[in-house]
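Contents: one structure, followed by commentary.
Protein chains in written order, with our numbering: chain F, 5 to 499; chain Z, 844 to 1328.
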């Protein structure tokens, strides 16, 4: 039987359990899809297909015995920001281009414990810095979607662009992402898949290469809400090796999906209706409101008054932390080293050649905002505003149970349409950074196609550690939107 | 004591000194990782992935290090801050793996406290403690192994340090030396730092400025990483003199960091204020603020050992010893313990004299420390017991102690083996005295003629005849009786 790539992760899992499908078949099909399509898409930085095929045989043996975890035999991709023992981990940077960690991140450890099979390491913006996946030292990633009547290569969004593309194109059944200011949600929206950034502290950051420690949070990206629920349950959990991870039980998220949202209050933040918001996005948002109302939810207008300070606050806080987090890439102990005559020259040469333009820009900005004489005006002020933004959400949740908003101000654009002004690129994050700054969970669900034919996403933002409500509401949205479109480039299409 | 003053050409100068002491915390593992803190291991054998700052590694705070900082704060009679926070101090150096040191900048775990110092003339002074905070040590750069390359040893990277900052309260090199010694003593009593300056467990950054009487502070220089009390004293003397000469020649002292070269006997500039680092401190986002409970602080306080001041006061009271004796006997905790073990079951005065006299002399002579003393406290107590119960006299006891040091045998064994038991048999002593008197009839006549001093001669002759074993008091009594008969 030939594999059709129509199965969701949940369906594949059930078929494996029921022995209607073997892990070997499933993994083989996906490995072949990677080999067939990824030369063009470039969603993988490192492939571990041989290893995956071996693991598939072992998974079948486990399944034969009626044993196995939540993900036994399921082919996944891992964003190349998670350290994987014995497998090169690059952060899409030249400075780590040959780095093979002798350790495994907690998130991937958890997935492996549940039996997942990794096909490889997925492309991203260098050090997760970007929202186009064009800053990767291993080349840009192509969005498998096309605009109507155009063959132009589109960006997949970022920073988890490789993850979004691998899932959207059917190369894997799910992938890990990380989200610092929208890096799971925005590429999910651009590629027509579902992704959730859980509450800060829900997934351990141990072994995940840091961008901005107080914002970075791992989460799943998959074809639909149910698949994300399964993956998050496997990934999440307290980890004593991460002092910011939270000691809270991880619920069985999948069980919450059918519960509906009758009687729940949906907050619509008035500040998100900015003047620049396109009619198309506005219309999609209104459509989402109607769907939720039709499902029995109560719609309430809420205010998040400090929204307009979100972007500058985010870029100050994130870049300050990044400038410090990236100091360890100095050519002394691991990674790239460009030989030089003195220590200072070693730093300059290694970091000068090892980091790309966007990373250097962000290190410089972050260094600047922490500098003596500027600290109070930038970093300290941003921390204060961040507290106000958190308070905005806490106040809003007095009036509502979750929030509905667009994920991004537009759909995917062409590689050559990327603005040359970095600030214009940063504006992509306008709807995603507030939840990151507050640390609350947020999910993007594909809700329709733009007039140009590319996917658009709606974002659900929840209370601290209340991912369950997001899964319930996301499931409702997903059913109503009935988004069954496929991208042009897809493993299931004979190409 | 008269104030310490530098005589310049323009008059007298006062020295103002403040110290930042870095004390390595006694703990099995590092401040934020599980790697061992053991000293002297092969390079790079006590390094975890966290210490080497591998990508994705995160610090996890070691609770024991926090407890040690709190204990130290309590020992310095300081305020314990229930809320404190770890910040990153950013700078690049090859032996600083993270590219930042995790330290406590804005909110240290310990606030204001005080250390009482005692000067050589017995005068006491309080030196204020500004703060104590926890921070990571860096690794070590080794430059002398290869002509073109440097090597890095990260064994020390991430080890917990306490930085203890004093107020600029010291006014002489002697006070600074006394402060470092006292601080070291307190830390060693508490068991929070081994105080081993040779191994780098304790080192001081010394801030020095000079001024004319009544003036505000002038510019200070910081002398980095001074690693002995002697060097602290020397560095201050030399630096203060240098500053006086600059001011008096019409120059200005620049605020800068300097190094002390004990071989050349000079301090020299390391870096000036202009090229001082901008450390870009900010709260470490990998760590939550540190919040501790008052009840936990209380339980640590209740379990604190007796500190030097308290011990001195108690020993003076319990054993009737002088201030000088108590200061010598409490210099180290195990000396005090040894002393008490001996003095408790013995005549305290006898114990004090013997420990401070013959026993310390024996340690010095053999080059041993109290930890590996050739004579145990129990053994010494037995010896003193033999004096008290008149089994032997003091002079014989000295001989016995020497034998104990040499052979490790017990006092009673030696007395037995050598037959040193004191003679208290009146008849035997009388017989011996009579022989002496008979043999020296001329001297007896002189004595009786009024030459009292000859009494000592007769005592000496008798003791000699009895090989020193006669009970001296009895010899005196009997001699008097027989001479006056």
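For glycine and all other residues, C-beta sits at the position ideal for the given N, C-alpha and C.
| query | result |
| --- | --- |
| Cβ shell of residue 909 of chain Z (< 8 angstroms), same chain only, five flanking positions each side left out | 952, 977, 1133 and 1135 |
| Alpha-carbon to alpha-carbon, residue 347 of chain F and residue 564 of chain F | A question about residue 564 of chain F goes unanswered here, because the residues of chain F that appear run from 5 up to 499. |
| CB contact below 8 angstroms: residue 1114 of chain Z versus chain F | no |
| CA-to-CA distance, residue 1018 of chain Z to residue 114 of chain F, given in whole angstroms | 59 angstroms |
| Per-residue DSSP class, three states only, for residue 1111 of chain Z | strand |
| Residue range of the unbroken beta strand (DSSP E) whose run includes residue 1067 of chain Z | 1064-1069 |
| Under 7 angstroms by beta carbon: chain Z residues contacting residue 211 of chain F | 899 |
| Under 9 angstroms from the C-beta of residue 122 of chain F: neighbouring residues of chain Z | None at all; the shortest Cβ gap to chain Z is about 16 angstroms. |
| The region 334-364 of chain F: positions lying closer than 7 angstroms to chain Z by Cβ | 334, 336, 337, 338, 347 and 351 |
| Any beta strand (DSSP E) of 3 or more consecutive residues that is wholly inside the region 936-980 of chain Z | 943-946, 956-961 and 967-979 |
| For residue 975 of chain Z and residue 852 of chain Z, the rounded distance between their alpha carbons | 39 angstroms |
| Cβ separation of residue 272 of chain F and residue 225 of chain F, assumed to be a contact under 8 angstroms, to the nearest whole Å | With a Cβ gap of about 26 angstroms, residue 272 of chain F and residue 225 of chain F do not count as contacting. |
| Nearest to residue 1236 of chain Z (by Cα), restricted to the options Z:988, Z:848 and Z:1314 | Z:1314 |
| Proximity test, Cβ basis, 8 angstroms: residue 376 of chain F and chain Z | yes |
| Cβ-based burial, residue 183 of chain F [other Cβ within 10 Å; buried from 16] | buried |
| Where residue 80 of chain F sits in the DSSP three-state scheme | strand |
| Cβ-Cβ distance between residue 903 of chain Z and residue 244 of chain F below 8 angstroms | yes |
| Where residue 331 of chain F meets chain Z, residues with beta-carbon distance less than 7 angstroms | 933, 935, 941, 942 and 943 |
| Between the CA atoms of residue 1027 of chain Z and residue 1071 of chain Z - distance to the nearest angstrom | 11 angstroms |
| Residues of its chain near residue 1150 of chain Z, where Cβ-Cβ distance is below 7 angstroms and the 5 sequence neighbours each way are ignored | 918, 1029 and 1032 |
| Partner residues on chain F for residue 977 of chain Z, Cβ-Cβ distance less than 8 angstroms | Under the 8 angstroms cutoff, chain F gives no residues; its nearest Cβ is about 15 angstroms from residue 977 of chain Z. |
| Assumed close pair residue 945 of chain Z, residue 929 of chain Z - CB separation to whole angstroms, cut-off 8 angstroms | 5 angstroms |
| Under 9 angstroms (Cβ pairs) to chain F, residues found in the region 992-1020 of chain Z | 993, 995 and 997 |
| Element boundaries [beta strand (DSSP E), containing residue 861 of chain Z] | 854-867 |
| Under 7 angstroms from the C-beta of residue 1128 of chain Z: neighbouring residues of chain F | 217, 218 and 325 |
| Any chain F beta carbon closer than 8 angstroms to residue 895 of chain Z | yes |
| DSSP-derived helix/strand/coil call for residue 484 of chain F | helix |
| Identity of the residues DSSP links to residue 1013 of chain Z by a beta bridge | Z:860 |
| Nearest neighbour of residue 323 of chain F, chosen from F:65, F:92, F:214 and F:490 [CA to CA] | F:214 |
| Which of helix, strand or coil DSSP assigns to residue 450 of chain F | strand |
| Exposure of residue 1207 of chain Z, with buried meaning 16 or more beta-carbon neighbours within 10 Å | exposed |
| Residue-chain proximity (residue 328 of chain F, chain Z), Cβ-Cβ < 8 angstroms | yes |
| 4-residue-minimum alpha helix (DSSP H) runs that sit fully inside the region 871-904 of chain Z, ordered along the chain | none |
| Partner residues on chain Z for residue 100 of chain F, Cβ-Cβ distance less than 9 angstroms | 898 |
| Classification of residue 335 of chain F by the beta-carbon crowding that lies within 10 angstroms, buried from 16 upward | buried |
| Best match in F:406, F:448 and F:185 for proximity to residue 319 of chain F [C-alpha to C-alpha] | F:185 |
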